[in-house]
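Note sheet for the following structure.
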Amino acid sequence: MNLEEQAAFRRRAKQDVRACILRHLSAGEGFPSARTVQRETGIASLATVSRYIHLLAEEGAVKLPRDRYDPPREEDGQKILAVRHKKLHLEGREDILLSLVAAKTADGRVDVRVVGQCQFCGPRPAVYRVLSCTDTGA
Numbered sequence: 001m002n003l004e005e006q007a008a009f010r011r012r013a014k015q016d017v018r019a020c021i022l023r024h025l026s027a028g029e030g031f032p033s034a035r036t037v038q039r040e041t042g043i044a045s046l047a048t049v050s051r052y053i054h055l056l057a058e059e060g061a062v063k064l065p066r067d068r069y070d071p072p073r074e075e076d077g078q079k080i081l082a083v084r085h086k087k088l089h090l091e092g093r094e095d096i097l098l099s100l101v102a103a104k105t106a107d108g109r110v111d112v113r114v115v116g117q118c119q120f121c122g123p124r125p126a127v128y129r130v131l132s133c134t135d136t137g138a
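Those letters in the sequence shown? Residues 1 to 138, by my numbering.
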């Protein structure tokens with residue numbers, strides 16, 4: 001497959017993901033899971049589906065539900081430039097939902113911070129703990 005065919009394939013796959021999401025939303029079913037989108041579009045990789053969902057959200061073509069993809073808030077004097085979300089599966093059925101946030105401060109510096117939520121899954125209800133790390137070193 002040459003570069004032009006690959007680009008056309010990616011455009012078509014992204015359009016299929018968007019159409020699937022909009023079909024679920026218009027039917028009143030809510031935002032579909034990435035696995036549902038993967039199954040209905042036939043895209044082999046769940047990571048690819050997730051990437052397309054987030055690309056569509058960044059482009060404004062779809063709006064991610066706040067309860068599943070709650071973006072970090074802007075702090076005083078900062079403007080958020082970019083946010084990337086990642087879910088890490090750890091041993092023991094434990095997940096960590098991380099957000100990498102790039103923000104511009106009032107004095108023009110760009111700060112990057114990682115914020116996350118630790119979710120313990122199992123037979124009991126999920127328990128959440130907010131994680132945060134900041135490096136203020138020079």
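Just so you know, even glycine gets a beta-carbon here, dropped at the ideal spot from N, CA and C.
Taking the C-alpha atoms as reference points, what is the distance between residue i and residue j?
i	j	result
residue 86	residue 58	15 Å
residue 77	residue 44	43 Å
residue 113	residue 52	24 Å
residue 50	residue 79	25 Å
residue 7	residue 99	28 Å
residue 182	residue 38	With the chain represented from 1 up to 138, any question about residue 182 goes unanswered, as that position is not in the structure.
residue 23	residue 29	9 Å
residue 48	residue 4	19 Å
residue 91	residue 36	24 Å
residue 60	residue 84	15 Å
residue 124	residue 27	With a pLDDT of 41 at residue 124, under the threshold of 50, the predicted position of this residue should be treated as unreliable, though the coordinate-derived value follows. So the two alpha carbons sit approximately 32 Å from each other.
Suppose the cutoff is 8 Å on Cβ atoms and the five residues either side in sequence are ignored; what does the same chain contact list for residue i look like?
i	result
residue 56	14, 17, 18, 21, 62
residue 81	102, 103, 104, 110
residue 9	1
Which residues in the same chain have their Cβ closer than 6 Å to the Cβ of residue i, if we skip the five residues on either side of it in sequence?
i	result
residue 31	65
residue 106	77
residue 42	none
Rounded C-beta distance between residue i and residue j? I'm assuming under 8 Å.
i	j	result
residue 34	residue 25	The Cβ separation is near 15 Å, so there is no contact.
Looking only at its own chain, which residues have a Cβ that is under 7 Å from the Cβ of residue i, when we skip the five neighbours before and after it?
i	result
residue 40	20
Enumerated in chain order, which unbroken segments of the alpha helix (DSSP H) with a length of 4 residues or greater are wholly contained in the region 14-75? 34-41, 46-59
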